[in-house]
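Since the structure comes first, as structure tokens, the remarks are kept for the end.
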Ligand code: HEM
């Protein structure tokens with residue numbers, strides 16, 4: 002039996018059982034973690050040692066290296082979550098896989114969703130399953146919309162309308178998934194038992210930021226295809242550069258090659274204006290929902306009761322929560338084209354009002370108006 006097979010079997014059995022047991026114990030205490038309990042501490046150490054014994058035996062990679070990084074990455078993230086230090090020899094296996102793939106050497110949300118043939122989870126909790134499934138469905142919806150929008154410039158005008166409709170359906174699926182998540186997710190369970198696996202952690206001396214459901218290229222494809230964001234805008238450029246190592250390898254070229262700006266195309270041709278505007282509205286609505294109905298109630302609100310010493314490491318990315326919220330709020334302004342400096346608000350209003358801009362009038366959506 003190969004070590005990778007053994008590792009996979011362990012992740013599906015003892016690993017998931019131990020995490021579930023620890024989560025139930027933490028939850029019974031209404032705590033993010035429980036210290037100085039002999040039984041729990043033994044279980045945390047056993048998880049670390051059993052995983053390290055398997056991971057350090059991994060030699061030449063067999064199978065899909067990104068999938069293997071997911072397996073090793075889940076183990077590292079669980080050790081971080083239970084605050085047990087992983088031997089450097091085990092960290093180095095993730096490091097080796099990350100370097101070979103050109104990605105951060107840690108698990109990312111794709112390893113629980115779009116790149117998860119083994120259906121791995123950290124725990125057996127239904128709360129984690131719901132979180133992974135609805136977030137994953139939202140990612141699929143974004144993928145669907147992005148793929149349709151990328152094709153618009155190369156199809157006949159008579160077909161472009163169908164692609165805008167397809168993009169609209171994809172973005173409506175994103176909003177539906179967000180709504181279902183908001184309705185079903187138990188806030189306390191999410192905060193105490195799911196989110197802690199997504200924290201930043203160190204691999205061989207370097208700290209990598211935490212995972213989040215936004216680490217895929219499609220959402221940025223859509224931003225740029227709709228002309229709502231601009232790669233020349235320093236704020237938005239930082240978002241792209243920062244997320245680059247955390248997206249799956251095949252998403253990286255997409256972050257490097259922005260799609261054709263359809264806002265400019267629609268302004269020039271005047272075709273499918275209504276459908277284009279409907280897609281913009283759906284993108285803004287889905288992301289505003291993310292902010293006001295997911296981030297605020299499931300993260301910002303519960304964080305108000307967190308002791309100050311734990312608050313600093315609360316978000317996935319590492320920066321303090323107010324900084325993260327400000328960034329996300331600016332993304333809402335851009336994606337919903339709100340009436341703020343540097344958004345596409347004016348250009349979309351012109352389109353809505355049927356104005357055809359003069360060529361000299363046309364400006365990038367990232368520039369102040
Ligand atoms: C309870 C549910 C959710 C919470 C609490 C949440 C929270 C967050 C937070 C805090 C960030 C900023 C990352 C950081 O720096 O810490 C973020 C980013 C992001 N999330 Fe969520 N999120 C949730 C669900 C979702 C879902 C369902 C999607 C849809 C795919 C999603 C898409 C994104 C995107 C796209 C970003 C990155 C910003 C960007 O690059 O555009 N999130 N989320």
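Residue numbers (this note's numbering): 2 to 370. Just so you know, even glycine gets a beta-carbon here, dropped at the ideal spot from N, CA and C.
Beta-carbon of residue i versus every beta-carbon of chain C: anything under 8 Å?
i, result
"residue 352", "The structure shown contains no chain C; it is built from a single protein chain."
By DSSP, does residue i sit in helix, in strand, or in coil?
i, result
"residue 6", "helix"
"residue 202", "strand"
"residue 243", "helix"
"residue 37", "coil"
"residue 63", "coil"
"residue 344", "coil"
"residue 21", "helix"
"residue 265", "helix"
"residue 270", "helix"
"residue 158", "helix"
"residue 251", "helix"
"residue 84", "coil"
"residue 275", "helix"
"residue 89", "helix"
"residue 208", "strand"
"residue 15", "helix"
"residue 323", "helix"
"residue 303", "helix"
Would you grab the beta carbon distance between residue i and residue j for me? Rounded to a whole angstrom, and I think it's under 8 Å.
i, j, result
"residue 264", "residue 228", "3 Å"
"residue 53", "residue 91", "4 Å"
"residue 174", "residue 138", "7 Å"
"residue 295", "residue 190", "Not confirmed; about 15 Å, so no contact."
"residue 135", "residue 178", "5 Å"
"residue 301", "residue 326", "6 Å"
Near residue i, what residues of its chain come up, given a Cβ to Cβ distance below 8 Å and the 5 sequence neighbours on each side ignored?
i, result
"residue 359", "No answer about residue 359 holds up, because its pLDDT of 47 lies below 50 and its placement is not dependable."
"residue 341", "334"
"residue 102", "66, 67, 70 and 250"
Residues in the same chain with beta-carbon distance under 7 Å from residue i, minus the five sequence neighbours each way, listed in chain order, please.
i, result
"residue 162", "273 and 276"
"residue 252", "217 and 218"
"residue 246", "104 and 105"
"residue 365", "Low confidence applies here, because residue 365 scores a pLDDT of 37, under 50, leaving its location unreliable; read the following figure in that light. Once the five neighbours on either side are set aside, the close Cβ partners of residue 365 are 231 and 233."
Might you give, ordered along the chain, the residues of its own chain that have their beta carbon closer than 6 Å to the beta carbon of residue i, omitting 5 neighbours on each side?
i, result
"residue 363", "Bear in mind that a pLDDT of 40 at residue 363, under 50, signals an unreliable position, so the number given afterwards is only what the model happens to contain. Around residue 363: no qualifying Cβ."
Taking just the CA atoms, how far does residue j sit from residue i?
i, j, result
"residue 78", "residue 112", "12 Å"
"residue 208", "residue 106", "10 Å"
"residue 156", "residue 165", "12 Å"
"residue 100", "residue 22", "34 Å"
"residue 280", "residue 224", "11 Å"
"residue 206", "residue 9", "26 Å"
"residue 56", "residue 67", "15 Å"
"residue 150", "residue 199", "31 Å"
"residue 172", "residue 58", "44 Å"
"residue 146", "residue 43", "47 Å"
"residue 11", "residue 188", "29 Å"
"residue 307", "residue 17", "27 Å"
"residue 34", "residue 255", "39 Å"
"residue 180", "residue 3", "42 Å"
"residue 167", "residue 267", "17 Å"
"residue 292", "residue 96", "33 Å"
Say whether the segment 105-122 touches the segment 190-197, bearing in mind that this needs 3 or more beta-carbon pairs closer than 8 Å, one atom from each stretch. no
Does the segment 43-60 touch the segment 86-104, meaning 3 or more C-beta pairs lie closer than 8 Å? yes
Flag this pair as touching only if the segment 58-72 and the segment 30-38 have three or more C-beta atom pairs under 8 Å; answer yes or no. no
Does the segment 330-338 come close enough to the segment 226-243 to have 3 or more Cβ pairs within less than 8 Å? yes
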